[in-house]
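Q: Which chain is which? The protein sequence lines are A and B, in order.
So that you can map any letter, position 53 of the first sequence is 53 in the working numbering, and since no number is skipped, the others follow by simple counting.
Take any residue in the second sequence, note its place counting from 1, add 1000, and you have its number in the working numbering.
Virtual Cβ for every residue (Gly too), placed ideally from N, Cα, C.
Because the structure is a prediction, the values reported are computed rather than measured.
Number of protein chains: 2
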Amino acid sequence: MGEIVKILTIEDEAAVRRSLVAHLEDMEYDYIEASSGSEGIALFKESNPDLVLCDLRLPGMDGLDVLSTLTELSPDTPIIIVSGANQVADAIQALKRGAWDYITKPIVDFQTLDTAMERALNRARLIKENHAYQKHLEALNIELSAALGQLREDEEAARALQSSLLPPKEAQFGEYKFRRQLFPSLLLSGDFVDYFPIGDHEVGFYIADISGHGAASAFVTVMLKTLFEKHLDAYQRDQEDVIRQPSDMLDHLNRAIYVSPIEKYLTIFYGVLDLREHRLRFCSGGQFPYPMLFDGQEIKTLTSHDKPVGLFEDSIFMQHEIDFTSVQQMLMISDGILELFPRDSARRRTEWLLQMVADGSPEIDDLVERFNIEELDEIPDDIAFLSIVRGSDDE
Amino acid sequence: MGEIVKILTIEDEAAVRRSLVAHLEDMEYDYIEASSGSEGIALFKESNPDLVLCDLRLPGMDGLDVLSTLTELSPDTPIIIVSGANQVADAIQALKRGAWDYITKPIVDFQTLDTAMERALNRARLIKENHAYQKHLEALNIELSAALGQLREDEEAARALQSSLLPPKEAQFGEYKFRRQLFPSLLLSGDFVDYFPIGDHEVGFYIADISGHGAASAFVTVMLKTLFEKHLDAYQRDQEDVIRQPSDMLDHLNRAIYVSPIEKYLTIFYGVLDLREHRLRFCSGGQFPYPMLFDGQEIKTLTSHDKPVGLFEDSIFMQHEIDFTSVQQMLMISDGILELFPRDSARRRTEWLLQMVADGSPEIDDLVERFNIEELDEIPDDIAFLSIVRGSDDE
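#1: In its own chain, which residues sit with a C-beta less than 6 Å from the C-beta of A:Lys225, not counting the 5 before and 5 after it?
#2: In or out: B:Val1108 buried (at least 16 other Cβ within 10 Å) or exposed?
#3: I think B:Ile1403 touches B:Phe1341, with their Cβ atoms under 8 Å apart; what is that distance to the nearest whole Å?
#4: Any beta carbon from chain B within less than 7 Å of A:Thr115's own beta carbon?
#5: What are the partner residues of A:Pro197, as DSSP defines its beta bridges?
#6: Between the C-alpha atoms of B:Val1088 and A:Asp26, what's the straight-line distance to the nearest angstrom?
#7: Have a look at the DSSP bridge pairing and note the partners of B:Met1318.
#8: Would you kindly report the start and end of the unbroken alpha helix (DSSP H) that includes A:Phe219?
#9: Does the CB of B:Phe1219 have a neighbour CB from chain A at under 7 Å?
#10: Should A:Tyr206 be flagged as near chain B, meaning a C-beta pair shorter than 7 Å?
#11: For B:Lys1045, does the count of other Cβ atoms within 10 angstroms reach 16, so buried, or fall short, so exposed?
#12: Per DSSP, what are the beta-bridge partners of A:Thr303 in this structure?
#13: Short of 6 Å in beta carbon distance, which residues of its chain neighbour A:Met1, apart from the five on each side in sequence? Order them along the chain.
#14: Looking only at its own chain, which residues have a Cβ that is under 7 Å from the Cβ of A:Met249, when we skip the five neighbours before and after it?
#15: Measure the C-alpha to C-alpha separation of B:Ser1038 and B:Arg1125 and round it to an integer number of angstroms.
#16: Suppose you measure from the CA of B:Ser1286 to the CA of A:Asp191; what does that come to, to the nearest Å?
#17: Let's test the definition: count the other Cβ atoms within 10 Å of the Cβ of B:His1201 and tell me whether it reaches 16, buried, or not, exposed.
#18: If you reduce the DSSP assignment to three classes, tell me which class A:Gln93 lands in.
#19: Please tell me whether A:Asn122 has its Cβ less than 7 Å away from any Cβ of chain B.
#20: Which residues in the same chain as B:Ile1322 place their Cβ atom closer than 6 Å to its Cβ, once the five residues preceding and following it in sequence are excluded?
#21: Label A:Gly296 either buried or exposed according to how many other C-beta atoms from any shown protein chain fall within 10 Å of its C-beta, with 16 as the threshold for buried.
#22: Quick one: using the 10 Å Cβ neighbour count with 16 as the cut-off for buried, is B:Ile1010 buried or exposed?
#23: In angstroms, rounded to a whole number, what distance separates the CA positions of A:Met223 and B:Ile1257?
#24: Can you round the beta-carbon distance between B:Arg1017 and B:Glu1033 to whole angstroms, since I take them to be within the 8 Å contact cut?
#25: DSSP has B:Ala1171 in a bridge; who is on the other side?
#26: Extract the residue ranges of the alpha helix (DSSP H) inside the region 336-376 of chain A, only unbroken runs of 4 or more that lie entirely within it.
#27: Residues of chain A with CB under 7 Å from B:Asn1141, in chain order?
#28: Could you confirm whether any beta carbon from chain B is found closer than 7 Å to the beta carbon of A:Gly336?
#29: Count the other CB atoms, across all protein chains shown, that sit within 10 Å of the CB of A:Met318; report buried if there are 16 or more and exposed otherwise.
#30: If we count the other Cβ atoms within 10 Å of its Cβ and call it buried at 16 or more, is B:Val1259 buried or exposed?
#31: Flag B:Gln1134 as yes if its beta-carbon sits less than 7 Å from any beta-carbon of chain A, otherwise no.
#32: Taking 7 Å as the threshold (beta carbon to beta carbon), is A:Leu64 in contact with chain B?
#33: Verify the CB distance criterion: does A:Met1 have a CB-CB separation below 7 Å to chain B?
#34: Output, in chain order, the set of chain A residues within a Cβ distance shorter than 7 Å of B:Met1223.
#35: Taking 6 Å as the limit between beta carbons, can you name the residues of its chain near B:His1320, skipping five residues before and five after?
#36: Between B:Leu1354 and the rest of its own chain, which residues show a CB-CB distance below 7 Å, the 5 nearest in sequence each way excluded?
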């Protein structure tokens, strides 16, 4: 113990007190003396000793009552009874009432007293340390909760903002119903989907997956959305046609993200669907798994081998065009879905994915249920769904 | 107590044991009986009782040794000594060795025993609850730390990304040295500054303050930066001149943010400095405090009363042009700085700000020190500094 230990002796016999005090002095304890119970209690309150040596036979207030008062005042301060050998019945009472130990007078062997005091002081220190530890834990908890609350609130606000950038969960364009769902692994998503009308008979749509996940990747989804909005706006003001040409759009995205100091890249599938001619122009920037087309008979995948966007300055993005007439549903899922299958090669996992959707035209809600996504404790990577189902105009 | 309390009696006299057990049965306690110390210890280990009633005079192993063994096995299980009235010396020993209470045989008044048991069980329950509470606190701490760690890591990554969007802390363009500093109130900043060359003799620069702060506002700084980059790129590809005309630029920003579903707006001061002619074109979208110009004699402020950006569809932003020849320094600080003054009107606080910089040409580092920003426990709102100092070309 670094600090000097302070002992209060409550003892009416001056000779005994002197001998006790002389010993305490030898042991380099600090001490205070009281010759009656009431004086002892007053000194106890005043100087908050580390240990009390208390006689049982005291003038005025009885020793047992002094003991009860002191243990009530401070249950963790050790009190050792030093009393006559003929007061054993009282000794039992004292121990039952909370005395920490009992030493008989006259003290012939001070070693016994020293041992009793050391043991009591050690136990008291352990109790004190335990209290301090508990208080520390409580304070730490409050601090951690506050810090966590602040950060959560912050990310929740950002999450609300990111959500506001998403299209409605369901939108009808001509005969086509567009649906989307997003399951971020953290509060903020590095996956993104969007669909929007271009002019009066085309719809642009994309699914994108920013490298990494969480807030940093979510930042890039904002960048992506801003760039699409910008080109859509420029088209609407008759300034350019970029938004209608998927490969041009990916060229622009590639340059913007490549030149930006952000060390992120993304995979994206961008399509423009002609609602009148039922034709799809599209371009893939490394998006995987490949979009799936259902025609009521079989599943086709739109394979392509273009590079991710923002990785290389000179990437070339190929635009494709297909007849969409026989397509009943087009389904896109980001690669987070593959993490839900057992660890294996991407090829094997993709086969599993195709088996999972093989019964044809699965709705997003069915898939979410089939993969049990909403019940997962943890979503290993962001998962995005984008589905286009052909129905009738007036659904 | 919801559960049934289990009592172990260690007592060699069959008659005493029967009477004890009969009483325990009456009290609806569960009980186990042992007739020797070794049997008692074995049963204790096996069935983990809630309380032990133990005789001191036992065949074979002595009662005091049984007591020592049991308290060592489980210091928080109460042990009550039930022993002959003629064994008071042993009773004192027992209490000193950790017995919780002492009852004399023959038990004439079972009320005494009941009271002792209830008191001991209550104290044991408190100790148990305290242990459980401490364990709960420890587990909660680990959980909170983990959740906080994950969120912090997430925001730190986003912070690194946001930092990468800022210009270098110092950049020389012609005779002008541009400097900036950003002090977010949270990890992510809703204030933003940038400067960049436009062509070979102009520099664009802005200071912006998104409504709110934290991650959600930081998202909008990414949007802002993306839009500026987009217009800079379009200028560099000879497609348009928007980036060179501050009012055009603010018109574009206003529309982009107004039409976006994001419920945020921003204040911004955007200037284009002609390095050859030393003229400044600028436009303010509600930016406050007003930029300060130092000419070595006095401070002038560039007052303007345009509206914030993104709030109203039809806002008109006025472009101004001034001669910059006599300007030695231009200093812009976001309104977070005003929060560092005592609560008062914005006018009064702005006067204070002007007094703080009145000695002329203050460097950002000096101001940061003068306002003691780096020592603040908490920064109430994001604070951004942008300073342009005219010197010589080859500084």
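A: The relevant details are as follows:
#1: Within the same chain, Cβ atoms closer than 6 Å to the Cβ of A:Lys225 are found at Leu165, the five residues on either side in sequence being excluded.
#2: exposed
#3: As shown, chain B starts at 1001 and ends at 1395. That puts residue 1403 of chain B outside it, with no answer to give.
#4: no
#5: Looking at the DSSP output, A:Pro197 sits in a beta bridge with A:Val203.
#6: 33 Å
#7: According to DSSP, which records beta bridges pairwise, B:Met1318 is partnered with nothing at all.
#8: Per DSSP, A:Phe219 is one residue of the alpha helix (DSSP H) stretching across Gly214 to Gln236.
#9: Answer yes: the Cβ-Cβ gap between B:Phe1219 and chain A drops below 7 Å somewhere.
#10: no
#11: exposed
#12: None, per the DSSP bridge assignment.
#13: In this predicted model, A:Met1 has a pLDDT of only 44, less than 50, meaning its place in the structure is not dependable; the value taken from the coordinates is given anyway. Cβ neighbours of A:Met1 beyond the five flanking positions: none.
#14: His231, Val242, Ile243 and Tyr270
#15: So the two alpha carbons sit approximately 27 Å from each other.
#16: Residue 1286 of chain B is actually Gly in this sequence, not Ser. Going by the C-alpha atoms only, they are around 34 Å apart.
#17: exposed
#18: In the structure shown, the three-state DSSP call for A:Gln93 is helix.
#19: no
#20: Excluding positions up to five away in sequence, the list reads Leu1280.
#21: exposed
#22: B:Ile1010 should be labelled buried.
#23: 13 Å
#24: 6 Å
#25: B:Phe1178
#26: 346-356 and 364-370
#27: Under the 7 Å cutoff, chain A gives Leu137, Leu140, Asn141 and Leu144.
#28: no
#29: exposed
#30: exposed
#31: yes
#32: Using a Cβ-Cβ cut-off of 7 Å, A:Leu64 does not count as an interface residue toward chain B, since no Cβ of chain B sits closer than that to its own.
#33: For A:Met1, the pLDDT reaches just 44, beneath the cut-off of 50, and the residue's location in the model is therefore unreliable, although a value from the coordinates is still provided. No, because no Cβ of chain B sits closer than 7 Å to the Cβ of A:Met1.
#34: Val222 and Thr226
#35: Its chain contains Phe1282 as the residues whose beta carbon lies nearer than 6 Å to that of B:His1320, once the 5 sequence neighbours on both sides are disregarded; these appear in chain order.
#36: Excluding positions up to five away in sequence, the list reads Ile1299.
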